[in-house]
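Chemist: In my numbering, the protein residues as written are 70 to 250.
Just dropping this structure here.
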């Protein structure tokens, strides 16, 4: 047998394999799982300082410094892709300040769903509880939660999920002023 006689079966086999591979890629758009919505931590609401009661706002009045550090999540579609359930693990950190008298920091934060025009469609409030042992100055916890998002016939890229700390307005104004907003 010569090399020429192997060429035809090899070409035919290659064509059959390629046709099979290409047909496997040609699913309909309806059967593909859409991506998860975008998620982000708001830059001007990712750090906050909690103060003891009273008018003082210097270093000696700080109870806790808090921060949203990172998040990880996944999503699953329900009701024939009419609803998406997003499961999150949010890393929340706190450092004890000189005025801290409690053994636990309570860190309020929100999760908001916005559309492409940044209109708030929903907003939920959560509280991360961060326990401190004697002598601990800084603690990081993982806070888990779910966000259910009815898609109302719209694609997931029409939505964004924003996470931020609940910050008093005067503190938020100072943060924005320091950043030049």
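Note that CB positions come from ideal geometry on N, CA and C, so glycine has one too.
All of these numbers come straight from a predicted model, not from anything done at the bench.
To the nearest angstrom, report how far apart residue 170 and residue 104 are at their CA atoms.
Modeler: In the chain shown, residue 170 corresponds to position 101, counting from 1. In the chain shown, residue 104 corresponds to position 35, counting from 1. Whole-angstrom Cα-Cα distance: 45 Å.
Chemist: On the three-pair Cβ rule with 8 Å, is the stretch 219-228 touching the stretch 154-168?
Modeler: Not touching, per the Cβ criterion.
Chemist: For a test of the three-state rule: what should DSSP assign to residue 159, helix, strand or coil?
Modeler: Looking up residue 159 in the chain shown gives position 90. Correct three-state label for residue 159: strand.
Chemist: Please say whether residue 160 and residue 278 have beta carbons closer to each other than 8 Å?
Modeler: Residue 278 is absent from the structure shown; the chain starts at 70 and stops at 250.
Chemist: May I ask you to report which of helix, strand or coil DSSP gives residue 244?
Modeler: Along the chain shown, one-based indexing puts residue 244 at 175. In the structure shown, residue 244 sits in a helix (DSSP, three-state: H, G or I).
Chemist: Does the structure place the stretch 105-115 close enough to the stretch 141-155 that three or more beta carbon pairs sit under 8 Å?
Modeler: Short answer: they touch.
Chemist: Could you pull out every residue in the same chain whose Cβ sits closer than 6 Å to the Cβ of residue 111, ignoring the five residues on either side in sequence?
Modeler: As a working note, residue 111 is residue 42 in the chain shown. These residues qualify, in order along the chain: 231 and 233.
Chemist: Name the one or two DSSP bridge partners that residue 177 has.
Modeler: Sequence index remark: in the chain shown, residue 177 carries index 108 (1-based). Paired residues: 196.
Chemist: By alpha-carbon positions, which one of 229, 196 and 194 ends up nearest to residue 187?
Modeler: One-based indexing of the chain shown puts residue 187 at position 118. Ranking the options by Cα distance to residue 187, first place goes to 229.
Chemist: Can you tell which of 220, 149, 211 and 163 has its C-alpha closest to the C-alpha of residue 202?
Modeler: Looking up residue 202 in the chain shown gives position 133. Nearest of 220, 149, 211 and 163 to residue 202, Cα basis: 163.
Chemist: Taking residue 121 as the reference, which of 114, 242, 109 and 134 has the closest Cα?
Modeler: Taking the first residue of the chain shown as 1, we reach residue 121 at position 52. It is 134 whose Cα lies nearest to the Cα of residue 121.
Chemist: If you reduce the DSSP assignment to three classes, tell me which class residue 214 lands in.
Modeler: The residue labelled residue 214 in the question sits at position 145 within the chain shown. Note: residue 214 maps to strand in three-state DSSP.
Chemist: Thinking residue 235 and residue 157 are a contact (beta carbons under 8 Å), I'd like their distance in whole angstroms, please.
Modeler: Residue 235 sits at position 166 when you count from the first residue of the chain shown. Residue 157 sits at position 88 when you count from the first residue of the chain shown. Actually they do not touch by this definition, with Cβ atoms about 17 Å apart.
Chemist: With a threshold of 6 Å on Cβ separation, who are the neighbours of residue 200 within its own chain once the five nearest residues in sequence on each side are excluded?
Modeler: Numbered from 1 along the chain shown, position 131 holds the residue referred to as residue 200. 173, listed in sequence order.
Chemist: I'd like the ranges of any beta strand (DSSP E) spanning at least 3 consecutive residues and lying wholly in the stretch 121-166.
Modeler: Correct list: 131-147 and 152-165.
Chemist: Which residues in the same chain as residue 129 place their Cβ atom closer than 8 Å to its Cβ, once the five residues preceding and following it in sequence are excluded?
Modeler: For this step, residue 129 is matched to residue 60 along the chain shown. Excluding residues within five positions, the ones whose Cβ falls inside 8 Å are 167 and 168.
Chemist: Is residue 172 helix, strand or coil when you go by DSSP?
Modeler: To locate residue 172, count along the chain shown from 1; it is residue 103. Correct three-state label for residue 172: coil.
Chemist: When DSSP labels each residue in this structure, what does residue 237 get in the three-state scheme?
Modeler: Here residue 237 is taken as the residue at index 168 of the chain shown, counted from 1. Coil, per DSSP.
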